[in-house]
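Student:
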Amino acid sequence: CGVDRIFPISGPSKRAGTNVYAYGVNFVNTTSLQCRFGSTAVPATYISNTEIMCSAPPVESSELASMQMTGYYPQDMRGRLASFEVSNNGQDFTSSGLEFLYLEDIEATGSSRREGPSRGGTPIFISGLNFVNNTQLTCRFGKETAPAVFLTSQAILCFSPPIHGKNYMNSVKDKPFPLAVSNNAADYV
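Numbering (the numbering used here), first residue to last: 22 to 210.
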């Protein structure tokens, strides 16, 4: 088998379970199918002969280090790069050279508002810790997602999406929905 790319390429370190999709060739539907993050192997779920999914195992905070990452801001962040490889038999792993970036877990500690008109466009400032400026920084309003605007590693800005359907004809205040944020558009807190 061979692996060409993975998505997402990053995830939280302490909260385990980022669903990482690996794309490549010749994956086999077997109980021995595995992904390896660094030295830790985990079972993989077969989707097709070109796609599998596996859950990233947790990493202890003590394993994170200060690192410089091009394409991320702040460039000086705490994280850890782990090699990512795949095996059909649990013994012979690929040598793709791909890496998964473990980031410090984000924390959302507050928001400027929890209500707004159903037409959307309400600006919401979210405070917290460990926000990263990348293209995967998003907010989720119920089932709808919206890109977030990075302000600092402790603050982001999101605009609420329009809420359609008969259950949301009035304001968000009448039908509140959960607000969550993610550094990788996959793991929301």
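Backbone N, C-alpha and C fix where the C-beta goes; we use that ideal spot for every residue, glycine too.
Could you give the DSSP three-state label for residue 133: helix, strand or coil?
Tutor: Coil.
Student: Please report how far the alpha carbon of residue 176 lies from the alpha carbon of residue 116, in whole angstroms.
Tutor: In a straight line, the C-alpha of residue 176 is about 38 angstroms away from that of residue 116.
Student: Curious, which full-length beta strand (DSSP E) runs of at least 3 residues does the segment 23-90 contain?
Tutor: Correct list: 23-28, 31-33, 40-46, 55-58, 61-69, 72-76 and 86-89.
Student: Could you check the C-alpha separation between residue 31 and residue 136 for me, to the nearest Å?
Tutor: Distance between the alpha carbons of residue 31 and residue 136 is about 31 angstroms.
Student: Restricting to Cα atoms, I'd like to know which of 28, 131 and 103 is closest to residue 73.
Tutor: Cα-wise, what sits closest to residue 73 is 28.
Student: Straight-line CA distance for residue 76 to residue 149?
Tutor: Each residue's alpha carbon lies about 25 angstroms from the other.
Student: Considering Cα atoms alone, identify which of 173, 142 and 167 is closest to residue 151.
Tutor: Checked all of 173, 142 and 167; the closest Cα to residue 151 is 173.
Student: Would you call the segment 49-68 and the segment 111-125 in contact, with 3 or more CB pairs under 8 angstroms?
Tutor: Contact holds: three or more Cβ-Cβ distances are below 8 angstroms.
Student: How is the beta strand (DSSP E) around residue 176 delimited, first residue to last?
Tutor: Counting along the chain, the beta strand (DSSP E) containing residue 176 begins and ends at 176-180.
Student: Taking just the CA atoms, how far does residue 166 sit from residue 67?
Tutor: Rounded to the nearest angstrom, the two C-alpha atoms are 27 angstroms apart.
Student: Going by the CB atoms, is the gap between residue 160 and residue 202 shorter than 8 angstroms?
Tutor: Yes, Cβ-Cβ distance for residue 202 and residue 160 is below 8 angstroms.
Student: So, residue 97 versus residue 33, is the Cβ gap smaller than 8 angstroms?
Tutor: It is not a contact, given that the beta carbons lie outside the stated cut-off.
Student: Who are the near neighbours of residue 87 in its chain, counting only those whose CB is closer than 8 angstroms to its CB and skipping five residues on each side?
Tutor: Correct list, in chain order: 97, 98 and 99.
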